[in-house]
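Student: Below is the structure I would like to discuss, written out as structure tokens.
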Amino acid sequence: MQAKTSFIKALSAVIWKDLMTELRSKELISGMLVFSLLVIFIFNFSLEMDARTRNSVTAGVIWVTLIFAGTIGLNRSMAVEKDRGCLDGLLLAPVDRTAIYFGKSIANLIFMLIVAAIILPVYSLLYNNNVISLGLILVILLGSEGYVAVGTLLSSMAVQARTRDILLPILLFPVIIPILIAAVKASNGFLNGVPFNELMTWIYLLIAYDVIFTSVAFMVFDAIVEE
Amino acid sequence: MKEKPLKLKILDWVTILLFLLATAMVFFYAPMERVMGAVQKVFYFHVAAGWVGMLSFFFAAVAGIIYLVKKDEKWDLIGYSAIEIGIVFTLINVVTGAIWARPIWNAWWTWDPRLTTATIMELVYFAYLMLRQGIDDPERRQRFGAVYAIVGFLSVPLTFFSIRIFRTIHPVVIGGNDPTAVGAFDMTPLMLQTLLFSILVFSVLFIDLMWHRIRLGQYMNRVDELKMRLQD
């Protein structure tokens, strides 16, 4: 009974804990940021990003950067819980387990959005071409949500395995391909000035994937943390 | 050590006979396709293998759900066996497809929704095997396996749907004929009979292999138990 009434409280406590830790250590975001910048630079040289190529690959570059950085963030955020025994502490707390799942997911989503909020202006600056638009922000919001929903679930599995450093991307990437396709397609449309109503299919698709993945992840999360 | 059950022995022989019969039907009963010639014959086992692949992964997802509800080791073994068999048949499906595509599409591979989805599906289940290998505690391995079998199977239709919005060149032989598909053909009744028979035979083969794999799994568990007892 008590667990139910304190759901919001437990949720915000988990989010608060993650944000506070990050504020003090600044390990996760700085790692993700430096990594993203490196990925953008590597793309610049490997793809010869002249003006014409950029039109077709910008959406892809942004999403690959976000997803790679996201993997680092997810791995780190769960490894910290595991290594110092925090996860056990969290699980011992008399709260609904789903509060822990949603708390971690929301914290991870916040980290990912912070990274996106920094790399988009940087990208625009580097290529002297404003990529930021309301549509793109919406797509990044929806795409990251779906990515983090599956990612939080799978990273809590991956950190408990012997091969945890390589396992997360292998588990995560094939599963999130539908989200990635819809997100890249929609972003590409917004970047090339396709009108909003023509891209609605992709937006609806993203929303549908978010709902499906979030609800399934939330239903099976209990099975992962029970010991 | 239990003797191989009589029913399984019978099933083995029935499967072998049916398989030979299906092969004979493919070569001698089904007529030669007029445009594509002999290479079209790969179609019967190609579709049947794809069918068994999907069926196994579906079984594994269902077994995963039942495992999470009941926590019974038996369902983990069923799910794991189904996935191993599914991986083999999906591989057969992709490889036979490539053999057909080379002369018909003039390429081993195209980025078509069906090909891409089948291969991504294969990768999902490779990841499943790697996940299981990375976890030592058996109970945890079973739980995680069940979860991943469910999440992975869920993403397969979504992947297909996402890629499908692009135009496809893969022929849709059953139900609906897209004129832009390359290598499409109308099945004669004899072809249809051969196809349905192949699917039936592969389904029987699937049951036979599942039975063997589950028995093998039981023996593996027994060996593990004995090892543990020796260590104590």
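Chains A and B are the protein sequences, given in the same order.
In terms of the working numbering, the first sequence opens at residue 205 and continues consecutively.
In terms of the working numbering, the second sequence opens at residue 1221 and continues consecutively.
Even for Gly, the Cβ is constructed at its ideal location relative to N, Cα and C.
Remember, it's a predicted structure, so these values are computed and weren't measured experimentally.
1. How many Å lie between V1314 of chain B and R1322 of chain B at the Cα?
2. What does A1347 of chain B touch in chain A if you count any residue whose Cβ is under 7 Å from its own?
3. Using only the alpha-carbon positions, how far apart do T262 of chain A and K1290 of chain B sit?
4. Give the residues from the segment 379-394 of chain A that approach chain B closer than 7 Å (Cβ to any Cβ), ordered along the chain.
5. Can you tell me the Cα-Cα spacing of I407 of chain A and F306 of chain A, whole angstroms?
6. Anything in the segment 1267-1287 of chain B with a Cβ closer than 7 Å to a Cβ of chain A? List those residues in chain order, please.
7. Mapping DSSP to helix, strand and coil, what is E252 of chain A?
8. For chain A, check one thing: does any of its Cβ atoms lie closer than 8 Å to the Cβ of L1335 of chain B?
9. Sorted by chain position, which residues of the same chain lie with C-beta nearer than 6 Å to G277 of chain A's C-beta, five sequence neighbours on each side aside?
10. Could you name the residues of the same chain whose beta carbon sits closer than 6 Å to that of S360 of chain A, not counting the 5 residues immediately before and after it, in chain order?
11. Look at the alpha carbon of K308 of chain A and the alpha carbon of F211 of chain A, and state the distance between them as a whole number of angstroms.
12. Give me the Cβ distance between G1202 of chain B and G1284 of chain B, rounded to the nearest whole Å; I'm assuming they're in contact under 8 Å.
13. According to DSSP, is I1355 of chain B part of a helix, a strand, or is it coil?
14. Assign R1254 of chain B to one of two classes, buried (16 or more other C-beta atoms within 10 Å of its C-beta) or exposed (fewer than that).
15. Can you check whether the C-beta of L1374 of chain B is within less than 8 Å of a C-beta belonging to chain A?
16. Tell me which residues share the same chain as M205 of chain A and place their Cβ nearer than 6 Å to its Cβ, disregarding the 5 neighbours each side in the sequence.
17. Could you tell me the distance, in whole angstroms, from the CA atom of L1343 of chain B to the CA atom of Q1438 of chain B?
18. Please name the residue in A:Y331, A:I244, A:V265 whose C-alpha comes closest to that of A255 of chain A.
19. Within 8 Å of any Cβ in chain A, is that where the Cβ of L1343 of chain B sits?
20. According to DSSP, simplified to helix, strand and coil, what is E1445 of chain B?
21. Taking only beta carbons into account, state which residues of the segment 330-362 of chain A come closer than 9 Å to chain B, listed in chain order.
22. Note down, in chain order, every chain B residue with its Cβ under 7 Å from the Cβ of I271 of chain A.
23. Under a CB-based cut-off of 8 Å, is V268 of chain A close to chain B?
24. Please report the residue range of the alpha helix (DSSP H) in which N392 of chain A lies.
25. With contact counted as at least three CB pairs below 8 Å, one residue from each stretch, are the segment 1322-1332 of chain B and the segment 1362-1375 of chain B in contact?
26. For G1354 of chain B, go through chain A and note every residue whose CB falls closer than 7 Å to its CB, in chain order.
27. Please name the residue or residues paired with G1257 of chain B in a DSSP beta bridge.
28. Taking its Cβ as the centre, do 16 or more other Cβ atoms sit within 10 Å of N333 of chain A, making it buried, or is it exposed?
29. What number of angstroms, rounded off, separates the C-alpha of K1294 of chain B from the C-alpha of M1440 of chain B?
30. Does T356 of chain A come out as helix, strand or coil in the three-state DSSP assignment?
31. Grab me the residues of F425 of chain A's own chain with a C-beta within less than 7 Å of its C-beta, minus the 5 sequence neighbours each way, in chain order.
32. Within the same chain, show all residues whose beta-carbon is closer than 6 Å to that of G1372 of chain B, passing over the 5 residues directly before and after it, in chain order.
Tutor: Taking the geometry as given:
1. Each residue's Cα considered, the two are about 12 Å apart.
2. Simply I374, L375, P378.
3. Each residue's Cα considered, the two are about 48 Å apart.
4. Contact residues of the segment 379-394 of chain A toward chain B are V379, I381, P382, I385, A386 (C-beta to C-beta distance below 7 Å).
5. Answer to the nearest angstrom: the Cα atoms are 23 Å apart.
6. The segment 1267-1287 of chain B vs chain A, Cβ under 7 Å: nothing.
7. Three-state result, E252 of chain A: coil.
8. False, the Cβ-Cβ gap to chain A never drops below 8 Å.
9. Taken in chain order, the residues that qualify are L232, M236, F315.
10. Taking C-beta separations shorter than 6 Å and ignoring five residues to either side along the sequence, the partners of S360 of chain A in its chain run M282, I428, following chain order.
11. Approximately 14 Å, taken between the alpha carbons.
12. Because chain B here runs from 1221 to 1452, residue 1202 of chain B falls outside it and cannot be looked at.
13. Reduced to three states, the DSSP call for I1355 of chain B is coil.
14. Classification for R1254 of chain B: exposed.
15. Taking Cβ atoms only, chain A reaches closer than 8 Å to L1374 of chain B, which makes this a yes.
16. Summary for M205 of chain A: the model assigns pLDDT 46, below 50, so the residue's position carries little reliability; its value from the coordinates is reported in the next sentence. Cβ-Cβ distances below 6 Å link M205 of chain A to nothing in the same chain once the five nearest sequence neighbours on each side are left out.
17. Taking the straight line from one Cα to the other gives about 27 Å.
18. Looking from the CA of A255 of chain A, the closest CA among A:Y331, A:I244, A:V265 belongs to A:Y331.
19. Taking Cβ atoms only, chain A reaches closer than 8 Å to L1343 of chain B, which makes this a yes.
20. E1445 of chain B sits in a helix when the DSSP states are folded into three classes.
21. Of all residues in the segment 330-362 of chain A, V354, L357, L358, M361, A362 have a Cβ within less than 9 Å of some Cβ in chain B.
22. Correct list: empty, because the minimum Cβ distance to chain B is about 15 Å.
23. False, the Cβ-Cβ gap to chain B never drops below 8 Å.
24. Counting along the chain, the alpha helix (DSSP H) containing N392 of chain A begins and ends at 368-395.
25. No: the two stretches stay apart, fewer than three of their Cβ pairs being nearer than 8 Å.
26. A365, R366, T367, L371, listed in chain order.
27. According to DSSP, G1257 of chain B bridges with B:E1253.
28. By the Cβ neighbour-count rule, N333 of chain A is exposed, with fewer than 16 other Cβ atoms within 10 Å of its own.
29. So the alpha carbons of these two residues sit roughly 13 Å apart.
30. Assigned with DSSP and collapsed to three states, T356 of chain A falls in helix.
31. So the qualifying residues of the chain are R301, T302, Y305, L357.
32. Closer than 6 Å at Cβ, skipping near neighbours: V1344.
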